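If you're matching positions, the sequence shown starts at 1 in full-length UniProt numbering and goes up one per residue.
We treat Cβ as the ideally placed atom computed from N, Cα and C, and that holds for glycine.
A quick note: this is a predicted structure, and the numbers were derived from the prediction, not measured.
Working notes, structure below.
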Amino acid sequence: MERLQGNHKMTTLLKYGTDLTKMAQEGKLDLIIGRSEQIERVTQILCRRRKNNPCLIGEPGVGKTVIAEGLALHIVNAQPIPPKLLKKKIVSIDMARVVAGTKYRGQLEERLVEIVDEVKESNGDIILFVDEVHTLIGAGGGGNALNAANILKPALARGEIKMIGATTLSEYRKYIEKDAALERRFQPVKVPEPSTDEAIQIIQGVSKSYASHHNVRYAEDAIVSAVKLSERYISDRFLPDKAIDLIDEAGSRVYLSRFNASGPIPVVTEKDIQQVVTSLTGIPVEKVSKKDSERLLKMEEVLHKHVIGQTEAVNVISRAIRRSRVGIRNQRRPIGSFLFTGPTGVGKTELANVLAAEYFSSKQAMIRLDMSEYYERHTVAKLIGSPPGYVGYDEGGQLTELVRRKSHSVILLDEIEKAHPDIFNILLQILDDGRLTDNKGRIIDFKNTIIIMTSNIGSGVIGKGGSDANARVAEELKKFFKAEFLNRLDEIIIFQQLTKSEVEKIANIMLKEVSGRLKEKKIKLHFTKSFKEKIADDGYSPIYGARPLRRTITRFLEDSLAEKMLSGEINKGEYVKVDIDMNGNVMLLRNSFVIS
C-alpha cells in the first residue's frame, strides 16, 4: 500500500528503509549526548549547494549511526537546526534488504532507480542515510550489470539527492577512495573515539534507557567503572560501544538475580561491572579482597609448588604480579617483560606455564613462539602479517592475531637469541608502548600481557660456577643484545643449575602426576624411597637439567605399568608398591586393596 509522508510518496523507501525522523517523533530514538561538533559539520555539508553528501568515517562502535539519529532528533525538535533542514526527513536505507531477492539482472537496478525517483520527487525534503556505505560498491555488479554506486553517482553529482554515508576508515580506503568519481561526491567527516570524560557523559545519558529496560538503577560509580574498565581491558573494541555493552550486560545480570525478589529497585554497582569484565576477559579486575591479598602475598609459595629452586626468578615474577593486581604499574606498558637466561631444563618454560595458569586462570592463556623459526629477514613479516599483495596478507600476523584474540596472556618467546635482529625493532615498540600495528593498520594492545623471553646465553658460564658467574653472564648478554633492548626489560633473570635435592623434588612432582592418572583408574601407587632416588639419579643431567626425568619415568615406570595392566596382572582397585631390586630393576608389588 502506498504511503504518503509530508505529501511525498515513500512506498519503496519504507519498504527498504526506516524513517528516522518518524522514529524521533515517536520517541524511539535514544537522546544523543555529545557529538555536537560532528552534527554541526554534517549540517554544514548538507546546506552546501554542491557536493552536499557527508560521509561519517570512524571505527566500529564510536557512534557514527547515532550522529544520523541525532540529526533526526534535531530536525524534529527544531533546535538547533537551520531553516533549510526544517521538515526534512532522514530515511535509513538497509542495503541488505535492497539486494535481498534480486535473482535476475536488472532487479537491483530497478529498485535503486525507484528509490532515487522517490527522493527526487521530494524536491530535497528526503535525505538518505546509508550505513556501511561501502557496500554500494559492487552491489549488483555481476557481469555487465551496473553496481549500486554507479546508479547513484549521476543523481549525487547533480545534487538531485542528498545522502549521508557511514563507514570505517579501512573500508573507506579500500572501496570509496579507489572509486575517485564516487569519492568526489562525498565530504568526509571524521568521527573519533570519544575521550574518557566524553564517554562517561554519553553513558550517563543512555543509561536511563537501559535502566528502564532492565528495571534497575545504575550507580554513578558503575557508569564510571564501565568506561574505565572497558578502556583498560577490552582493547579490540571502541568507546562508547564497549562501555554500553558492559552496562547492558550488568543490568541483565542484576535483573536476572533479583527478578523474583520484592523490594526496592536493584542497583547496578561497580562490583557488578567488574564481574562482567572478569567473565568477558578472564582477568580478575575486582578490588583485591582479603582472600586475594593473602594469595598474592603468598604468590612465591604458589609458584614454588610447581617450580623448584630458582628463588630469584619466582620472587621477581611475584612482585610484578602484585604491582599489576593493585594497579600501581605503568599502564602504558605490558604487565611485565622478562628475559630468562640459563641452562636448559631448569624451569624457564615451566615458570611461564605456571604463571599463565595462576595469574590468568588457564594454561590456555599462553602464546608460545619458537623464535628459531624467525631467523631470516623475511620471517619478520610473519609476526605482524604480510604486506598487501603478498601471500598470507588476509591471515594476519602470527603474534598480532594471537594477541588480538587472547589479549590477556603470557607471551613466551623461546630462544630469543635465534631471532633475526629486525625482530628486536618490533619488540622495542611492544616493550615501550605496549602496542603494535599489524599489517592491516589495526593497533594490537599488549598492555595486559606478560612477556617472557628465554635464552641459553651464559649456560656455559653458569655450568662452570664461581662467585662472579652472574656478572659474566650479564657481560655475555651485553655482547649479544643491544643496550636499548636490555634497558627496556623489567628484569633479566639468570636461572641457576639444579641441585641434586631439587631434581629429587621435581621427580616427586612428576611421580605424583602419574599417580594421579592411575588413581582415576582406581589403582593406587606407592613409591619407595629407593625408587625415587633411582629416578632422580638416572633422570638428572648437568647438561640437560631435569629434561631427561620425564623420559626416565616413562622408561622405568609407565612402560612397566602399561604391560602389567594389559596382561591383567594389575587391575582396578589394587594397591601397587613401586620399588627397586638388588640389580636396580623396577619391581611392581601388588596386593588386594579396594580403593573406595
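- Residue burial is scored here from C-beta neighbours: Gln-38 has at least 16 other C-beta atoms within 10 angstroms and is therefore classed as buried.
- Taking 7 angstroms as the cut-off, the beta carbon of Phe-485 is found no closer than this to the beta carbon of Ile-457.
- Assignment of His-408 by DSSP, reduced to helix, strand and coil, places it in the coil class.
- DSSP lists no beta-bridge partner residue for Asp-221.
- A direct Cα-Cα distance of roughly 53 angstroms separates Arg-185 from Tyr-359.
- Pairing Glu-249 with Val-66, the inter-Cα distance amounts to about 20 angstroms.
- The alpha-carbon of Tyr-218 is positioned some 58 angstroms away from that of Glu-475.
- Boundaries for Lys-89: no alpha helix (DSSP H) harbours it, while the beta strand (DSSP E) harbouring it runs 89-93, taken from the DSSP string.
- Closest in alpha carbon position to Ile-57, among Ser-362, Val-98, Asp-117 and Val-130, is Val-130.
- In this structure, Gly-205 places its C-beta atom within 7 angstroms of the C-beta atom of Ile-33.
- Proximity to Ile-247 across Val-503, Arg-323, Ile-570 and His-214 peaks at His-214, based on C-alpha coordinates.
- Restricting attention to Thr-449, Asn-123, Tyr-393 and Val-391, the CA atom closest to the CA of Arg-332 is found in Thr-449.
- Leu-355 is a Cβ neighbour of Val-410, given a cutoff of 7 angstroms.
- Secondary structure of Ala-365 (DSSP, three-state): coil.
- By the C-beta criterion, the region 360-374 is judged not to be in contact with the region 304-311, since fewer than 3 inter-stretch pairs fall below 8 angstroms.
- For Asp-117, the closest alpha carbon among the candidates Ile-151, Thr-135 and Glu-193 is that of Ile-151.
- In the DSSP assignment, Thr-341 falls outside any alpha helix (DSSP H) and within the unbroken beta strand (DSSP E) covering 336-341.
- For the set Lys-190, Val-224 and Ile-176, the Cα lying nearest the Cα of Ala-199 is the one of Val-224.
- Taking C-beta atoms under 8 angstroms as the contact rule, Val-268 and Ala-222 qualify, at a distance of about 5 angstroms.
- Pairing Thr-168 with Pro-188, the inter-Cα distance amounts to about 11 angstroms.
- Residues Val-314, Ile-317, Ser-318, Leu-351, Val-354, Leu-355 and Glu-358 of the same chain have their beta carbon placed closer than 8 angstroms to that of Leu-303, with the five preceding and five following residues left out of the count.
- When beta bridges are read from the DSSP output, Phe-527 appears opposite Val-578.
- The alpha carbon of Tyr-175 has as its nearest neighbour, out of His-74, Ile-553, Thr-196 and Ala-148, the alpha carbon of Ala-148.
- Note that the C-beta distance between Gly-282 and Gly-545 is not below 7 angstroms.
- Contact between Gly-434 and Lys-242 is ruled out by a C-beta separation of about 18 angstroms, above the 8 angstroms threshold.
- Linking Lys-577 to Ser-501 through their CA atoms gives a straight-line distance of about 23 angstroms.
- The DSSP-derived three-state label of Ile-570 is coil.
- Spatial neighbours of Ile-164 in its own chain (CB-CB distance under 6 angstroms, excluding positions within 5 residues in sequence) are listed in chain order as Pro-54, Ala-68 and Phe-129.
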